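Report on one structure; see the data block that follows.
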Amino acid sequence: KLELKGLNARLYSYQEAGTNWLNFMVNNNCGAILGDEMGLGKTLQIIALLGEQKAKKDNAHFLVICPISLLENWAREIKKFYPSLSTLVHHGSRRTGYYEELLNYDVIIMSYSNVQSDLGMLNMITWDIVVLDEAQNIKNPYAIRTKNIKEINRKTSIAVTGTPFENHMTDIWSIIDFIITGYLGKISEYESEFQDDVDSAYKLESLITP
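Under the working numbering, think of the first position of the sequence shown as 1134, with each following residue one higher.
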């Protein structure tokens, strides 16, 4: 059960249930997909989770990766709902090249586009939680962006997306491979087992339902 003493919001019952579930998964060293539809407060649930995890481990470090258009929104929402979490938007030409500077903050917020160039620096830190917002950005398992993100040193992975399936069954394989590497096997094995049809979707459901 979450205490959420530092949260400046009252969660709806479904948000509390979701946050409790995320906390349970993180405490058991498992990743998770938060797949609520748009407008149901996914960001708030993640902020509540990070605050709870920070309360348990004072020197915890979290990395949030999102589209450029959402960088400032994440910073504002964290400041509004959990002001005790310190944040840094790591973006643009002035972003630091020294990993020690990132350790001065609880939450580092950066864009997908900067991961490749900054991967070496990011991997000088073992992140307690890496959060991918709009995680459908890694739906292509063969893309360089996807491969770079999966190389980030991390203890736990959280994917946030209202559309874990967009076009193909491999979309969800790639996201699951980020949060629990190897859970659905190798991509070649998966593609031979699950095709883009309803029968395959039903068969997969029992493997990935919470």
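Beta carbons are placed, not taken as given, at the ideal position from N, Cα and C, and that holds for glycine. Note that the structure is a prediction, hence the values are computed from the model and not measured.
| message | Given this structure, state the Cα-to-Cα distance separating isoleucine 1313 from asparagine 1162, to the nearest angstrom. | response | 9 Å
- Item | Cβ separation of tyrosine 1245 and arginine 1278, assumed to be a contact under 8 Å, to the nearest whole Å | 6 Å
Q) Counting Cβ pairs closer than 8 Å, one from the stretch 1143-1154 and one from the stretch 1283-1290, do we hit at least three? A) Taking 8 Å as the limit for Cβ pairs, the verdict is that the stretch 1283-1290 does not touch the stretch 1143-1154.
With distances taken Cα to Cα, identify the nearest neighbour of valine 1293 among Glu1185, Ala1142 and Val1197. Val1197
Taking only the alpha-carbon atoms, compute the straight-line gap between glutamate 1205 and threonine 1229 and give it to the nearest angstrom. In this structure, the alpha-carbon of glutamate 1205 lies about 17 Å from that of threonine 1229.
**Prompt:** Does DSSP put threonine 1303 in a helix, in a strand, or in coil?
**Reply:** helix
request  = Let me know if proline 1343 comes out buried or exposed under the rule of 16 or more other beta-carbons within 10 Å of its beta-carbon.
outcome  = The residue is exposed, with fewer than 16 neighbouring Cβ atoms inside 10 Å.
query = For threonine 1259, which residues from the same chain have a beta carbon less than 6 Å from its beta carbon, with the 5 sequence-adjacent residues on both sides left out?
reply = Asn1286
Exposed unless 16 or more other CB atoms sit within 10 angstroms - verdict on proline 1297 = buried
Evaluate the contact criterion for the stretch 1317-1325 versus the stretch 1177-1194: three or more CB pairs, one atom per stretch, below 8 Å. no
If you draw a straight line from the C-alpha of aspartate 1266 to the C-alpha of alanine 1193, how long is it? Taking the straight line joining both Cα atoms gives about 19 Å.
Practice problem: Taking all protein chains shown into account, decide if lysine 1190 is buried (16 or more other Cβ within 10 angstroms of its Cβ) or exposed. | Solution: exposed
- Task: Over the uninterrupted alpha helix (DSSP H) stretch that includes leucine 1183, give me the two end residues.
- Result: 1175-1189
Considering only DSSP beta bridges, list what cysteine 1199 is partnered with. Ser1244
Strand pairing of leucine 1155, partner residues [DSSP] | Paired residues: none, contrary to the question.
Q. Leucine 1167 bridges to which residues according to DSSP?
A. Answer is Val1293.
Item to complete: Note down, in chain order, each residue of its chain lying with its Cβ closer than 6 Å to the Cβ of valine 1222, except the 5 sequence neighbours on either side.
Response: Only Leu1204, Ala1208 and Ile1242 meet the Cβ criterion.
* Do you know how far the Cα of alanine 1150 is from the Cα of threonine 1303? -> Computed Cα separation, rounded: 28 Å.
Chain-order list of residues whose beta-carbon lies under 8 Å from that of glutamine 1269 (same chain, five-residue window excluded) = Thr1294, Thr1296, Pro1297, Glu1299, Asp1304 and Ile1308
Q) Leaving out the 5 sequence neighbours to the left and right, which residues in its chain are closer than 6 Å to serine 1290 when beta-carbon positions are compared? A) Gly1164, Val1263, Phe1311 and Ile1312
task: Please check if any C-beta of chain B sits within less than 7 Å of the C-beta of serine 1246.
output: Considering every chain present, this structure includes no chain B. It has just one protein chain.
Q. What residue from Asp1239, Tyr1275 and Asp1251 has the CA that sits closest to tyrosine 1231's CA?
A. Asp1251
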